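Numbering-wise (the working numbering), the sequence shown opens with residue 1112 and increments by one.
Note sheet for the following structure.
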Amino acid sequence: SGKQTLKIFDGNDAVKRNQFRLISVPRIAKNEEVVEAALRTYYINDDQQEYELQTFTQQALLSDDVINRNDAAEDSNLGSVFRESVPEAWIIRAKPKDEEVIRIYPAWLKVGMAYVSLRVNKDSTTQTVIKEVLPLLGRQTECLQNFKLVEVLMGSKQVQRMILDNQELILNRLKDIRKTSIRQMNQTRFYIVENNKSIVRVNLFVGGLPPQLSPEEYTNILKHELAIKTNVVSVSHVYQAQGAVVLEISCFSEAERIYMLVKDTTVNDKPLNAMVIPEVMASKIPQNCCPLLVFVNPKSGGLKGRDLLYSFRKLLNPHQVFELTNGGPLPGFHMFSKVPSFRVLVCGGDGTVGWVLGALEEIRHKLVCSEPSVAILPLGTGNDLGRVLRWGAGYSGEDPYSILVSVDEADDVLMDRWTILLDAEEPAEGAENGVAEPEPPKIVQMNNYCGLGIDAELSLDFHHAREEEPGKFNSR
């Protein structure tokens, strides 16, 4: 065969989990072509000259030395990556550097400056980085001890923080992260943070509760199921229609206990879900600023939804990018409820867009910005709504940054959206005690973007066929 399939591992973490991706390359491929294919399969857009492949062996996990496939001769990178004996598994490794440029993000709002760039070498420590960064941010007169450097990993499920020790060598830290995972390095930021002694206040969103209960009833359920301490925990917001509450907790240990306990708790055979919601300081947002709230369905579009989740959390503040399989749209809308003006980007199929619009319709009366503009990044199969609104037939691997630019430049258009009230049927005669229990009216939302008559009939037939044999309907 003219091609060979290789297993590619992204660092030590992927090896330990036995998680790899396959690439298929020609047997006569050059070294740099194989490295480029390996980076592409993990959606790593860095310069391929900065990386090389290491033969997968158990010793490779313990050794700091990278087996360079280009070591046969100085110009051997022009030849094939394959020799007589070709290992089937490789690990992506970053080439060692004596110095590099890193980005430092201020943890406070600084309009017009998202980050500053700083060159670090083998002698650079956390303390020296803070000392060099403060003048670049206009705070050179302030004491170094009032600041700390925080490493933030923006994963798909959660955002992890770690305060770096003042004497930690930055270049060694970067090397350790890349050895664990190249993608993890691309999802990591460094923030300079003030050492403020702030009041502890954790906002914890809890969903999956029975709907249409009073605040007192929700409090009683939480007392019974989670044994909450009412002296440090209070219900600050109630979303009765959705069966969700937001708890305000003034103790970190209590917040952690409740968060972990919720994961193993069910109410009426329905599992609860929890999410920590950051507080948006709406009063400090500039008047001409219109932040973007992003919802991503990772189950849409194969692996593309999850990869977009990583990308958007890297490009934006990770807290403004929500994974819809973790609590749905409500936590995001609650977080933005006091923002005077914002926009929404929904990444998913038509069903995902309808889900988000339905949630928006239900709680819009609780939003300061009750009618935010909604953009669509189509990730589904049909993507009829995306086509009608001219967002295209579907995502095909475009640069996520260009998508954000398109959202920023898009024009607002009106959409034919209906709220339909379905009256209950007349009570049946002969009910117990002569009194029939009336059925409550039903309210549904509808997006009218397709057609009527034969068009609607064909769409319905297509839908039924796709439900019967979904494997035959994976194209656009």
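Where a beta carbon is used, it is the ideal one built from N, C-alpha and C, also for glycine.
Keep in mind that this is a model prediction, so the values were computed, not measured.
DSSP, read as helix, strand or coil, puts residue 1497 in helix.
Here residue 1330 carries a helix assignment [DSSP, helix/strand/coil]. In the three-state scheme derived from DSSP, where H, G and I count as helix and E and B as strand, residue 1217 is classed as strand.
Using a 10 angstroms sphere on the CB of residue 1333, the tally of other CB atoms reaches 16 or more, which defines it as buried.
If you draw a 10 Å sphere on the C-beta of residue 1311, you find fewer than 16 other C-beta atoms in it, and that means exposed. Looking at the backbone, the Cα of residue 1432 and that of residue 1405 are separated by about 5 Å. Counted as a single uninterrupted DSSP element, the beta strand (DSSP E) harbouring residue 1261 occupies residues 1258-1265. Beta-bridge partners assigned by DSSP to residue 1135: 1116. Nearest to residue 1362 by alpha-carbon distance, out of 1314, 1430, 1233 and 1144, is 1314. The shortest CA-to-CA distance from residue 1391 to any of 1442, 1266, 1530 and 1163 is the one to 1442. Shown here, residue 1448 sits in coil according to DSSP, grouped into three states, outside any helix or strand. Of the candidates 1120, 1340 and 1141, 1120 places its Cα closest to the Cα of residue 1165. Nearest neighbour of residue 1254 by Cα position, chosen from 1482, 1477, 1208 and 1241, turns out to be 1241. Taking each of 1168, 1356 and 1340 in turn and checking the Cα distance to residue 1347, the smallest one comes out for 1356. A contact is defined here as three or more CB-CB pairs under 8 Å, and the stretch 1467-1478 fails this definition with respect to the stretch 1503-1515. Here DSSP, grouped into helix, strand and coil, assigns residue 1160 to helix. The stretch 1387-1470 is shown to contain whole alpha helix (DSSP H) runs of 4 or more residues at 1415-1426 and 1441-1446, in chain order.
Looking at 1243, 1234, 1203 and 1208, the one whose alpha-carbon comes closest to that of residue 1215 is 1243. Assignment of residue 1486 by DSSP, reduced to helix, strand and coil, places it in the strand class. By the 16-neighbour rule on beta-carbons within 10 angstroms, residue 1201 is buried. Its Cα nearest to that of residue 1518, the residue 1455 stands out among 1455, 1316 and 1462. Counting other Cβ atoms within 10 Å of its Cβ, residue 1423 reaches 16 or more and is therefore classed as buried. Sixteen is the threshold: since fewer than 16 other Cβ atoms of the shown chains lie within 10 Å of the Cβ of residue 1278, the residue is exposed.
Excluding residues up to 5 positions away in sequence, 1337 lie with their Cβ nearer than 6 Å to the Cβ of residue 1372 in the same chain. In its chain, beyond the 5 residues on either side, 1134 and 1136 have a beta carbon closer than 7 Å to the beta carbon of residue 1148. One alpha carbon belongs to residue 1158, the other to residue 1270, and they sit about 26 Å apart. Assigned with DSSP and collapsed to three states, residue 1340 falls in coil, not helix or strand. Shown here for residue 1345: same chain residues with a beta carbon closer than 6 Å to its own, the five before and five after excluded, namely 1359 in chain order. Note that the C-beta distance between residue 1217 and residue 1303 is below 8 Å. The C-alpha of residue 1555 lies about 10 Å from the C-alpha of residue 1472.
Around the beta-carbon of residue 1316, 16 or more other beta-carbon atoms lie within 10 Å, marking it buried. Taking the Cα positions, residue 1142 is about 26 Å away from residue 1212.
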